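**Q** All residue numbers for the sequence shown refer to our numbering, where the first residue is 858 and numbers rise by one.
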Amino acid sequence: MAKQLLIDAYRGKMTPKAPWVPYAGVHCAFLIDEPADKMLQDAELLAKGVVNAATRYKADGIPLLFDLSVEANSIGCELKWWTDNVPSVTTHPCSDKTPAEAGLAFPTKESGRWPVLYEAARIAKPQLDEADCVMMGLFCGPLTLASHLAGVRIFTDVYKNPEFAHEVIKFAGEVGARAAEFYAEMGCDIIAIVDPVASQIKSETFKEFVTPNSQPAIKVIHDAGKTSSFFICGDCTKVLEDVCQIGTHGFAIDEQLNMVFVRDLARKYGVGFGGNLKLTLALSLGLLSPKEDAIVSLAAGGQHGYTFAPG
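1) Can you name the start and end residues of the beta strand (DSSP E) that Leu-888 belongs to?
2) Which same chain residues, not among the five before or five after Val-1077, have their C-beta less than 8 angstroms away from its C-beta?
3) For Cys-997, which of helix, strand or coil comes out of DSSP?
4) Is the stretch 966-983 close to the stretch 921-934, with three or more CB pairs under 8 angstroms?
5) For Lys-1135, does the count of other Cβ atoms within 10 angstroms reach 16, so buried, or fall short, so exposed?
6) For the beta strand (DSSP E) containing Leu-922, name the first residue and the last one.
7) For the stretch 956-966 against the stretch 1043-1056, do three or more pairs of beta-carbon atoms, one drawn from each stretch, fall closer than 8 angstroms, so that the two count as touching?
8) Specify the secondary structure class of Trp-1170 as computed by DSSP and reduced to three states.
9) Less than 8 angstroms separating the beta-carbons of Ala-886 and Gly-906?
10) Cutting at 7 angstroms between CB atoms, please list the residues of its own chain near Asp-1099, excluding the five before and the five after it.
11) Between the alpha carbons of Tyr-1126 and Val-1025, how many angstroms are there, rounded?
12) Which residue comes first and which comes last in the beta strand (DSSP E) that contains Ile-1050?
13) Do Gln-1057 and Gly-1008 come within 8 angstroms of each other at the CB atom, strictly closer than that value?
14) Nearest to Glu-1149 by CA position, among Asn-1133, Gln-1160, Gly-1162, Tyr-1163, is which residue?
15) Can you check whether the CB of Leu-897 is closer than 8 angstroms to the CB of Leu-903?
16) Would you call the CB atoms of Asp-941 and Val-883 closer than 8 angstroms?
17) Distance check for Val-878 and Pro-1147, CA to CA, integer angstroms please.
18) How many angstroms separate the CA atom of Leu-985 from the CA atom of Glu-891?
19) Report all residues from its chain with a CB closer than 7 angstroms to the CB of Lys-1095; omit the five preceding and five following residues, and keep chain order.
20) At what residues does the beta strand (DSSP E) containing Ser-1071 begin and finish?
21) Helix, strand or coil: how does DSSP classify Phe-1088 here?
22) Around the C-beta of Arg-1120, are 16 or more other C-beta atoms found within 10 angstroms, so that it is buried, or is it exposed?
23) Here's the rule I'm using: 16 or more other beta-carbon atoms within 10 Å means buried, otherwise exposed. How should Ala-875 be labelled?
24) Any heavy atom of the ligand ATP closer than 7 angstroms to the CB of Gln-1102?
25) Classify Lys-817 as buried or exposed, calling it buried when 16 or more other Cβ atoms lie within 10 Å of its own Cβ.
26) Hey, would you say Glu-1112 sits closer than 8 angstroms to Gly-1168, going by beta carbons?
27) For Leu-1145, I'd like the list of residues in its chain whose CB is within less than 8 angstroms of its CB, leaving aside the five on either flank, ordered along the chain.
28) Quickly, what does DSSP pair Trp-877 with across the bridge? List them, please.
29) Considering only their Cβ atoms, is the gap separating Leu-921 from Met-992 smaller than 8 angstroms?
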């Protein structure tokens, strides 16, 4: 458990060994024998689950929360809760209106579940510090949050109705900046933009919509002296070079990418990179040996800006 080791790796520096980050998420609830919906709405249980997972898995860093519904919920989207997963966003206020027309306002520290997260951070932070483990803040990226606000139409609007798409995604980016500010206040040393659906668009669209609307949050993170990252899911080969150039200290990918390709691109741009333990094939389905998969990822990732983590 080594905070500085992880921060150095996220910033693309050489490290004596690759640090380790388990994205425990609602698995934290399983470890303390609580339903996910209860833990995610209870500050004491959330802190207990996160600290328990960090200690159990000897983590160098761990997210306070991995739930991309927080930002949407804090600006008015309704949720459906589950006992074994994060909640689903069920309403889309921008399905036929811009954020201004829908009367949406930026979140405050009192909006939605932010008070729960502040309290959970207050409880968990000293315990994680004592364990030399980074408390990480993860928030919903601009395109993913825009898809919560407008629904699936946003993926065609970026081509067919770009003016509307720009308004929604810009608003989402500003909401992300508020979330980054909140996590910095909580004491998170690493703060990441998590935009899983950004792999679904082409490079030109990424540069038009995602890159500029990630800048407000990146500025907040860097102005606070924190370490930044950009998390993306799926086969993001076509936009990975854009991710490297977005302005964060590093990025993280999922199991669908070749680690050697990812490593070489990260080193080309001097940024940190994380992955690629196969969450589905190895950890969930057991089609691959998790041990052998870990060895392959560690060998490919090396010790130059690499963080070992689930893909």
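Just so it is clear, CB atoms sit at the ideal spot from N, CA and C, and this is done for glycine as well. As the structure is a prediction and not an experimental result, all values here were calculated from the model.
**A** Straight from the coordinates:
1) No beta strand (DSSP E) contains Leu-888, which is instead part of the alpha helix (DSSP H) from 884-888.
2) Ala-1034, Ala-1037, Glu-1038, Ala-1041
3) strand
4) yes
5) buried
6) Unbroken run through Leu-922: none, as it is neither H nor E.
7) no
8) There is no way to answer for residue 1170, as the model of the chain reaches only from 858 to 1168.
9) yes
10) Ser-1060, Phe-1063, Lys-1064, Thr-1068
11) 30 angstroms
12) 1047-1051
13) no
14) Asn-1133
15) yes
16) yes
17) 15 angstroms
18) 21 angstroms
19) Lys-1059, Ser-1060
20) Counting along the chain, Ser-1071 falls outside any beta strand (DSSP E), though it belongs to the alpha helix (DSSP H) covering 1068-1080.
21) strand
22) buried
23) buried
24) This structure lacks the ligand ATP, and indeed carries no ligand of any kind.
25) Because the chain here runs from 858 to 1168, residue 817 falls outside it and cannot be looked at.
26) yes
27) Lys-1135, Leu-1138, Ala-1139
28) Phe-1165
29) yes
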